[in-house]
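Chemist:
Number of protein chains: 2
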Amino acid sequence: METLAIGDFAARSGVAPSALRYYEREGLISSTRTTGNQRRYQRSELRRVAFIKIAQQVGVSLEEIRDALAELPEGRNPTKADWARLSARWRGKLEERIVLMERLRDQLTGCIGCGCLSLQRCNLINPADRLAARGPGAQMIVNPPDQNTDVGTVTPRRDRSDDQIGRIRP
Amino acid sequence: METLAIGDFAARSGVAPSALRYYEREGLISSTRTTGNQRRYQRSELRRVAFIKIAQQVGVSLEEIRDALAELPEGRNPTKADWARLSARWRGKLEERIVLMERLRDQLTGCIGCGCLSLQRCNLINPADRLAARGPGAQMIVNPPDQNTDVGTVTPRRDRSDDQIGRIRP
DNA sequence: CTGCAACCTGAAGTTCACTTCAACTCAAGG
DNA sequence: CCTTGAGTTGAAGTGAACTTCAGGTTGCAG
Chain D
1 METLAIGDFA ARSGVAPSAL RYYEREGLIS STRTTGNQRR YQRSELRRVA FIKIAQQVGV
61 SLEEIRDALA ELPEGRNPTK ADWARLSARW RGKLEERIVL MERLRDQLTG CIGCGCLSLQ
121 RCNLINPADR LAARGPGAQM IVNPPDQNTD VGTVTPRRDR SDDQIGRIRP
Chain H
1 METLAIGDFA ARSGVAPSAL RYYEREGLIS STRTTGNQRR YQRSELRRVA FIKIAQQVGV
61 SLEEIRDALA ELPEGRNPTK ADWARLSARW RGKLEERIVL MERLRDQLTG CIGCGCLSLQ
121 RCNLINPADR LAARGPGAQM IVNPPDQNTD VGTVTPRRDR SDDQIGRIRP
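Quick mapping for you: the protein sequence lines, in order, are chains D and H.
Positions 1 to 170 (UniProt numbering) are the ones given, in order, by the first sequence.
Positions 1 to 170 (UniProt numbering) are the ones given, in order, by the second sequence.
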């Protein structure tokens, strides 16, 4: 079957060769080798890379993407149906994230109205629907807010009522 | 005026003390000092931190956030109007990003239909509306796709027609 | 006034997602 | 056959956004 050398594969996928090698080390994509040990990519790998890029745009980490891709069949080439299943699941993730951002937008709009942006009062960032305080960057958008998740590195303080301000200093 | 020590401020803002010191070094927030050199935060700084967190959730880098916050008045405390202006501008950014994700979702849906996820054929990731190949992570969602932006580290190849596959190897 | 939690600093460490480098090998056109 | 651009590896470097650490200081409760 026709295969692509890494340079051509890079050009076609829009991902740098170094990144492709990295993805391979990380188990996201694979390649065969020539007798001379050069990588050759099957065309079907382009779909994997496409998927990786889409997922990244949504803010998903490579680790999560790898886990998702792991559900594709080993050995045989993934069929349309395989991809369709995976895509459907991720469409769900996308949808989730969109809803989250819409909520964020609506709440920000509310805050423009009241001019507040207050942490405790405004429900933009309040303990109830805690979107923040997970990792750095956009990965917070990634993990849907759920219960039993530790809120992060905030040092626990012995209970202060929610409306107390803490020690008041001069 | 009443101020908060870093621990209390951290508890109230949901951001770790170490992160707050980091933000200060990076010029995103500020504090006054006691005679003993300890940080004291004004309540108004909570709004800044709130804003930082919101922006981060949308995938904006601290650098961009700092630039945005730089538009708030120096010296006097920002008024509601100041915040409203800033928020309005960022609501726009949010909106943009939502549109982007919705497009992504619709295109992914299309791809479920055709089962493709092909790079060149599918308009999910095609050179025309190039969303990808910027930085890692979600920061690509951040910079709206525009012309004269270098596409990244993809080694330029002398022109290959879009439908050619590159050298074909056995 | 003392004890101890909370705070300070600068430097170094961490994770993610890559890129760059050096030193070397492969493969295809002339 | 030879040259040269493309490919290989492991190791080290990068930048963003923090955290951790060591070693020392502050400030409030008792």
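Beta carbons are placed, not taken as given, at the ideal position from N, Cα and C, and that holds for glycine.
These numbers were taken from a predicted model, which means no experiment stands behind them.
Using the C-alpha atoms, what's the distance from Ala50/D back to Gly14/D?
Modeler: Here residue 14/D refers to the residue found at position 14 when the first sequence is read from its first residue. Here residue 50/D refers to the residue found at position 50 when the first sequence is read from its first residue. Their backbone Cα atoms lie some 9 Å apart in a straight line.
Chemist: Which term fits Ser18/D, buried or exposed, when burial requires 16 or more other beta carbons within 10 angstroms of its beta carbon?
Modeler: Indexing the first sequence from 1 puts residue 18/D at position 18. Burial call: exposed.
Chemist: Does DSSP classify Gln38/H as helix, strand or coil?
Modeler: Residue 38/H sits at position 38 when you count from the first residue of the second sequence. Note: Gln38/H maps to coil in three-state DSSP.
Chemist: Which chain D residues sit within Cβ distance under 7 Å of Ile98/H?
Modeler: On the second sequence, residue 98/H is found 98 positions in, with the first residue counted as 1. Under the 7 Å cutoff, chain D gives Ile98, Met101, Glu102 and Arg105.
Chemist: In chain H, what lies closer than 9 Å to Arg91/D by C-beta?
Modeler: On the first sequence, residue 91/D is found 91 positions in, with the first residue counted as 1. In chain order: Arg105, Leu108, Thr109 and Ile112.
Chemist: For Gly27/H, which residues in the same chain have their Cβ closer than 7 Å to its Cβ, ignoring the five residues on either side in sequence?
Modeler: The count along the second sequence starts at 1 and reaches residue 27/H at position 27. Closer than 7 Å at Cβ, skipping near neighbours: Arg66.
Chemist: When burial is assigned at 16 or more other CB atoms within 10 Å of the CB, is Asp8/H buried or exposed?
Modeler: Within the second sequence, the letter at position 8 stands for residue 8/H. Label assigned to Asp8/H: buried.
Chemist: Give me the Cα-Cα distance between Ala11/D and Leu46/D, rounded to the nearest whole angstrom.
Modeler: Against the first sequence, residue 11/D aligns to sequence position 11. Against the first sequence, residue 46/D aligns to sequence position 46. Computed Cα separation, rounded: 11 Å.
Chemist: Measure the alpha-carbon distance for Leu106/D versus Arg85/H and round it to whole angstroms.
Modeler: As a working note, residue 106/D is residue 106 in the first sequence. As a working note, residue 85/H is residue 85 in the second sequence. According to the sequence provided, residue 106/D is Asp. The question's Leu does not apply to it. Distance between the alpha carbons of Asp106/D and Arg85/H: 16 Å.
Chemist: What's the C-alpha gap between Ile98/H and Arg89/D?
Modeler: On the second sequence, residue 98/H is found 98 positions in, with the first residue counted as 1. On the first sequence, residue 89/D is found 89 positions in, with the first residue counted as 1. Going from the Cα of Ile98/H to the Cα of Arg89/D covers about 19 Å.
Chemist: With DSSP collapsed to three states, give me the class of residue 177/D.
Modeler: With chain D represented from 1 up to 170, any question about residue 177/D goes unanswered, as that position is not in the structure.
Chemist: What's the C-alpha gap between Pro73/H and Gln42/H?
Modeler: Locating residue 73/H in the second sequence gives position 73, where the first residue counts as 1. Locating residue 42/H in the second sequence gives position 42, where the first residue counts as 1. So the two alpha carbons sit approximately 15 Å from each other.
Chemist: Does the Cβ of Tyr23/H have 16 or more other Cβ atoms within 10 Å, making it buried, or fewer, making it exposed?
Modeler: Residue mapping note: residue 23/H aligns to position 23 of the second sequence, counting from 1. Flag for Tyr23/H reads buried.
Chemist: Compare the C-beta of Glu26/H with all C-beta atoms of chain D and state if any pair is closer than 9 Å.
Modeler: Taking the second sequence and counting its residues from 1, one reaches residue 26/H at position 26. Closer than 9 Å: no.
Chemist: My output table needs one value for residue 251/H: the three-state DSSP class, helix, strand or coil.
Modeler: Residue 251/H lies beyond the range of chain H shown here (1 to 170); nothing can be said about it.
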